[in-house]
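Read through the structure below, which is laid out as structure tokens, and then see the notes.
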Amino acid sequence: MPNLDLPILVVDDAKFSSMVVGRTLRNAGYRDIRIANNAPDALKMMEQRQVSVLIADWLMPEMDGLQLTDHVRQQDEQDNHYTYVILLTARESVEALSEAFDRGVDDFIYKSDMTKQLIPRIFAADRMADRQNTLLRANALLVENNRELESTNIIDLETGLCNSKYARQRLQKTLRHAESRGGSTSYVMCGIRNWQDLKRKHPPSVMSELATGIARRLSTLIRPIDALCRVGDNQFAIVSYFPNSDHCSTTAFRRIFDGINHKALKTTAGFISVEAGMVLCRADAQDGTPSVQDMERTAVQGLVDAYETRRFTETKPEIREGV
Numbered sequence: 001m002p003n004l005d006l007p008i009l010v011v012d013d014a015k016f017s018s019m020v021v022g023r024t025l026r027n028a029g030y031r032d033i034r035i036a037n038n039a040p041d042a043l044k045m046m047e048q049r050q051v052s053v054l055i056a057d058w059l060m061p062e063m064d065g066l067q068l069t070d071h072v073r074q075q076d077e078q079d080n081h082y083t084y085v086i087l088l089t090a091r092e093s094v095e096a097l098s099e100a101f102d103r104g105v106d107d108f109i110y111k112s113d114m115t116k117q118l119i120p121r122i123f124a125a126d127r128m129a130d131r132q133n134t135l136l137r138a139n140a141l142l143v144e145n146n147r148e149l150e151s152t153n154i155i156d157l158e159t160g161l162c163n164s165k166y167a168r169q170r171l172q173k174t175l176r177h178a179e180s181r182g183g184s185t186s187y188v189m190c191g192i193r194n195w196q197d198l199k200r201k202h203p204p205s206v207m208s209e210l211a212t213g214i215a216r217r218l219s220t221l222i223r224p225i226d227a228l229c230r231v232g233d234n235q236f237a238i239v240s241y242f243p244n245s246d247h248c249s250t251t252a253f254r255r256i257f258d259g260i261n262h263k264a265l266k267t268t269a270g271f272i273s274v275e276a277g278m279v280l281c282r283a284d285a286q287d288g289t290p291s292v293q294d295m296e297r298t299a300v301q302g303l304v305d306a307y308e309t310r311r312f313t314e315t316k317p318e319i320r321e322g323v
């Protein structure tokens with residue numbers, strides 16, 4: 001049975017088009033429908049009360065559907081919520097649709113066939129949004145539970161990520177695994193270069209929001225098999241294993257570098273841009289096995305270089321005899 005109380009927001013600068021969409025939804029029995037005439041008004045309405053499904057025209061003045069989607073995804077990130085985004089469009093080129101999917105759009109409805117497509121797409125959107133938000137709530141509960149496990153001392157209480165102690169344990173295990181199986185161990189450090197400047201501008205509460213936002217974004221960008229840890233006030237580490245050493249390169253983590261640097265994070269103080277430096281410290285099993293301390297030391301030195309060059313750099317630890 002469809003959820004007829006599904007919160008839906010329709011955004012279209014053409015009043016006739018929004019009226020058609022709204023009437024079609026109401027005729028299908030949906031009760032919680034709001035309509036905005038432009039993207040800024042839609043964002044204000046979503047801040048007042050979240051929606052599960054957003055239906056927006058692709059082409060609008062001031063802010064188009066893709067730009068609106070960018071803002072919605074940032075807002076969702078802060079609120080730990082997922083909004084299913086459907087764009088109304090007359091554009092059917094593969095390139096245009098591919099760009100929109102990359103920007104976070106979930107689905108499309110072609111205007112030429114809107115009355116036939118709308119309700120079935122809403123049914124699917126309801127299921128997907130409900131599933132995503134159920135998972136987010138479950139994950140938030142897990143994070144809260146993890147924060148209570150202070151006695152284990154492997155959780156960063158502010159972000160819910162594992163801390164530096166766990167990072168060292170995981171790095172040690174990964175190095176030993178590579179030693180026995182071959183391949184490469186990677187220790188990627190991500191540091192926020194402008195963290196101190198931001199601390200001077202914003203109160204601790206906002207900095208805490210920012211740290212949590214960075215943690216959430218990194219969590220969505222890493223592979224499920226990787227370990228993400230907070231190893232310092234403004235430093236995060238990713239521990240990974242690559243069976244094929246040729247795959248252990250900055251290219252494998254480029255999406256993380258771009259994802260942190262190219263999109264601002266939303267806080268109660270507004271959108272804040274961070275300047276992240278990243279270094280990949282890799283250890284290939286064929287060269288020998290370094291110590292955890294050497295991996296960490298080399299990564300920190302590489303991060304300093306990354307801050308200066310503003311590039312994603314790569315480095316390797318020296319293998320000392322007897323290690």
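Residues 1 to 323 in full-length UniProt numbering are what the sequence shown lists, from first letter to last. For every residue, glycine included, the Cβ atom is placed at its ideal position computed from N, Cα and C.
{"Query": "Which same chain residues, not among the five before or five after residue 47, have their C-beta less than 8 Å away from its C-beta?", "Result": "75"}
{"Query": "Could you check how far apart the C-beta atoms of residue 185 and residue 241 are, in whole angstroms? I think they sit under 8 Å.", "Result": "6 Å"}
{"Query": "Within a Cβ cutoff of 8 Å, which residues of the same chain sit near residue 279, ignoring the five residues on either side of it in sequence?", "Result": "188, 189, 299, 302, 303, 305, 306, 312, 313, 314 and 315"}
{"Query": "Going by DSSP, what residues sit across from residue 188 in a beta bridge?", "Result": "238 and 280"}
{"Query": "Could you name the residues that DSSP lists as bridge partners for residue 107?", "Result": "86"}
{"Query": "What does a CB cutoff of less than 7 Å around residue 296 pick up in its chain, not counting 5 residues either side in sequence?", "Result": "none"}
{"Query": "What span of residues does the beta strand (DSSP E) with residue 313 cover, start to end?", "Result": "313-315"}
{"Query": "DSSP three-state label for residue 23, please.", "Result": "helix"}
{"Query": "Going by the beta-carbon positions, is the gap between residue 175 and residue 56 smaller than 8 Å?", "Result": "no"}
{"Query": "Alpha helix (DSSP H) containing residue 122: first to last residue?", "Result": "114-147"}
{"Query": "Would you report the Cα separation of residue 86 and residue 12, rounded to the nearest angstrom?", "Result": "12 Å"}
{"Query": "So, do the stretch 121-130 and the stretch 98-105 have three or more beta carbon pairs nearer to each other than 8 Å?", "Result": "no"}
{"Query": "Among the residues of its own chain, which have a CB less than 6 Å from the CB of residue 52, if the five just before and after it don't count?", "Result": "6, 7 and 129"}
{"Query": "Consult DSSP for residue 268 and reduce its assignment to one of helix, strand or coil.", "Result": "coil"}
{"Query": "Is the Cβ-Cβ distance between residue 167 and residue 229 less than 8 Å?", "Result": "yes"}
{"Query": "Just grab the DSSP bridge partners of residue 162 for me.", "Result": "155 and 229"}
{"Query": "If contacts are defined as beta-carbon pairs under 8 Å, then residue 119 and residue 28 qualify, I think. What distance do you get, rounded to the angstrom?", "Result": "5 Å"}
{"Query": "Could you give the DSSP three-state label for residue 28: helix, strand or coil?", "Result": "coil"}
{"Query": "Does the count of Cβ pairs from the stretch 255-267 and the stretch 57-76 closer than 8 Å reach three?", "Result": "yes"}
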